Amino acid sequence: MRERTETMSITRKYILYTFILVFILGLFIYPLEMYSSYRREIERVNYQLQQVRDSHIPFLISSLWLTHYDLLQQQIDAIARFSHIDAVTVTDDEGNLFTAGSTAAPNLRINREPLIYNYQGSTREIGELTLYINERQIRRDVFREESGFILFHFFLAILIGALISYLFHLLAGRHLKRLSDAMSDESEKSFNAPISLDRKGSHSDELEDLTASINSMRSKLRVQVEEKDMLLREVHHRIKNNMFTVESLLALQAQTVDDPRTSEALIEAKSRLRSMGVLYDRLYRSGNISDMSVRDYLPPLIEEIAGLQSNGTSVRVATEIDDIIMNADSLAALGILLNELLTNSMKHAFPDGKDGTITVTCSSPSPQHALLVYRDDGIGLPDAVLAGRTGGLGITLIQILAGQLKGTVDMKRDRGTVIKIEFMV
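Per this note's numbering, residue 46 is the first one in the sequence shown, and the count goes up by one each step.
Here's what the structure looks like:
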């Protein structure tokens with residue numbers, strides 16, 4: 046079965062991308078908004094400076110020229126009351142200093158304006174006006190005033206994004222998730238049932254069109270799968286019948302030949318064919334023509350082979366087979382391999398009608414591997430076979446079939462014969 050990889054749903058991606066977009070826009074827009082507010086405040090201060098030049102400096106010049114120092118101080122105090130002008134000083138041509146405000150704040154911007162008096166066509170500088178502008182305070186005030194406004198709009202954008210994401214989930218996301226789950230469900234019941242979004246009321250939109258298209262394709266696919274299964278079952282049935290026919294012909298031929306070695310070879314070929322015939326018979330009966338459990342295949346096969354090869358001996362066969370699912374090709378190789386093992390034991394391990402026991406176990410130590418352990422308490426394999434110096438057709442077939450299963454073979458003698466075959470499933 047195909048394993049489904051856990052991925053982030055489209056609704057979660059939409060929510061995540063929405064918040065990322067809001068955050069990125071905030072990183073660009075809110076500093077620009079802050080800078081724009083700061084520039085507006087600087088322009089307002091510059092406008093105030095222009096007001097000082099146009100309206101206050103003429104009165105300052107007049108007060109200095111007429112030595113009306115009280116009126117001069119009043120004008121200085123009025124200028125100092127402008128926002129972000131921390132201090133104002135006026136110095137006359139005799140060095141007298143008139144002040145208002147404080148210059149204690151650091152990094153004040155100093156703006157100097159000469160006080161020039163026009164008299165009878167000539168000009169005379171009678172003093173200097175100095176303004177101390179607190180730009181740092183301007184930045185603090187802008188940040189304090191704009192931060193609340195910016196935070197409000199930031200959270201408002203997040204709220205709007207969350208509402209849009211929720212609406213997307215209600216209108217599309219949850220239905221797409223349902224479609225995805227239905228398409229990922231590989232059970233036969235789910236495949237045969239049409240997909241329904243369970244939406245209230247009638248809808249005529251892209252989701253309904255998509256669901257209808259999927260149901261139509263699944264319906265056509267069900268028909269094709271049923272036709273394929275029917276054809277495959279028929280093919281397997283005919284293969285099984287043909288195998289039984291060939292098996293019968295081999296048995297008949299073995300009875301008619303005079304050479305014992307030829308007769309024995311024909312009987313062995315018949316036995317190998319029988320293992321494949323049992324497989325196809327089980328596949329046909331199960332209704333699943335692609336794979337089968339080892340537990341459903343090996344025990345009846347072992348029983349049938351042991352019955353055919355008994356030759357009057359009293360050999361008991363014990364099995365312990367786990368429920369391991371394998372495809373038909375691998376099962377065929379495993380069946381022929383086990384046929385060779387059983388045939389060799391029945392022919393060679395128990396001479397002179399000796400009684401004995403054969404044990405076959407098949408387990409799955411990991412999800413990707415299986416282990417077949419074959420054991421008999423007969424006379425054991427010859428040393429030459431264990432050393433790999435010699436071996437008949439049966440041993441050669443065992444090695445070849447184990448290779449087809451991507452497995453390894455380990456043979457040893459331990460109070461009989463022990464053969465371990467580890468292979469992929």
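We put the beta carbon where it would ideally sit given N, CA and C, even for glycine.
Keep in mind the model is a prediction, meaning the values are calculated, not measured.
Buried or exposed by the 16-neighbour rule on C-beta atoms within 10 Å, applied to residue i
i	result
A377	buried
L140	Strictly speaking, residue 140 in this sequence is Gly, with Leu absent from that position. G140 should be labelled exposed.
N287	exposed
V323	buried
R126	exposed
F73	exposed
M337	buried
N384	buried
T134	buried
F68	exposed
R47	In this prediction, R47 has a pLDDT of 46, which is less than 50 and means its spatial position is unreliable; what the coordinates show is noted afterwards. Exposed, because fewer than 16 other Cβ atoms sit within 10 Å of the Cβ of R47.
R185	exposed
R49	In this prediction, R49 scores a pLDDT of 49, lower than 50, which makes its location untrustworthy; the coordinate-derived value is nonetheless stated afterwards. Exposed is the call here.
K315	buried
A149	exposed
N80	The amino acid at residue 80 is misidentified as Asn; the sequence shows Tyr. Exposed, because fewer than 16 other Cβ atoms sit within 10 Å of the Cβ of Y80.
L111	exposed
I65	exposed
E238	Looking at the sequence provided, one finds Ala at residue 238 rather than Glu. A238 comes out exposed.
L201	exposed
F188	exposed
G146	buried
S359	exposed
V270	exposed
Extent of the continuous alpha helix (DSSP H) run through residue i
i	result
E69	What sits at residue 69 in the sequence shown is Ile, not Glu. Here the alpha helix (DSSP H) through I69 covers I55 to Q96.
G193	E180 to F213
T388	A373 to N389
A123	Y114 to A125
I301	Rather than Ile, the amino acid found at residue 301 in this sequence is Thr. Element bounds for T301: E251 to T301.
Proximity below 8 Å, CB of residue i to CB of residue j
i	j	result
R420	T404	yes
H101	I178	no
S206	T63	The residue you asked about is not Ser; residue 206 is Gly in the sequence shown. Closer than 8 Å, so yes.
T388	G425	no
Y75	I209	no
L94	L216	no
I121	F104	no
E86	I155	no
L446	I347	no
Q298	L311	yes
L242	L252	yes
I466	G452	yes
E158	R84	no
R458	T402	no
L379	L431	no
D326	K285	yes
I240	L221	no
Endpoints, the beta strand (DSSP E) within which residue i is located
i	result
E139	Element bounds for E139: n/a, residue is neither H nor E.
N156	R154 to Y164
R458	T453 to R458
V463	T462 to M469
R420	H414 to D421
R471	Outside the shown range of the chain, which is 46 to 470, sits residue 471, and nothing can be said about it.
D336	D336 to S338
Rounded Cβ spacing between residue i and residue j (contact assumed at less than 8 Å)
i	j	result
D138	G166	With a Cβ gap of about 20 Å, D138 and G166 do not count as contacting.
F197	T56	Not really, about 27 Å apart at Cβ, beyond 8 Å.
S107	E191	Not a contact, Cβ separation roughly 41 Å.
P345	T364	Actually they do not touch by this definition, with Cβ atoms about 10 Å apart.
D455	S409	About 18 Å; that fails the 8 Å criterion.
G423	S390	6 Å
Are there three or more Cβ pairs, one per stretch, closer than 8 Å when the stretch 293-307 is compared with the stretch 245-258? In short, these stretches do not touch, since the Cβ pair count stays below three.
Using 8 Å as the Cβ pair cut-off and three pairs as the minimum, do the stretch 407-415 and the stretch 366-385 touch? Taking 8 Å as the limit for Cβ pairs, the verdict is that the stretch 366-385 does touch the stretch 407-415.
Whether or not the stretch 270-288 and the stretch 302-315 are in contact is what I'm after, with contact meaning three or more pairs of Cβ atoms, one per stretch, closer than 8 Å; do they touch? The stretch 302-315 is not in contact with the stretch 270-288.
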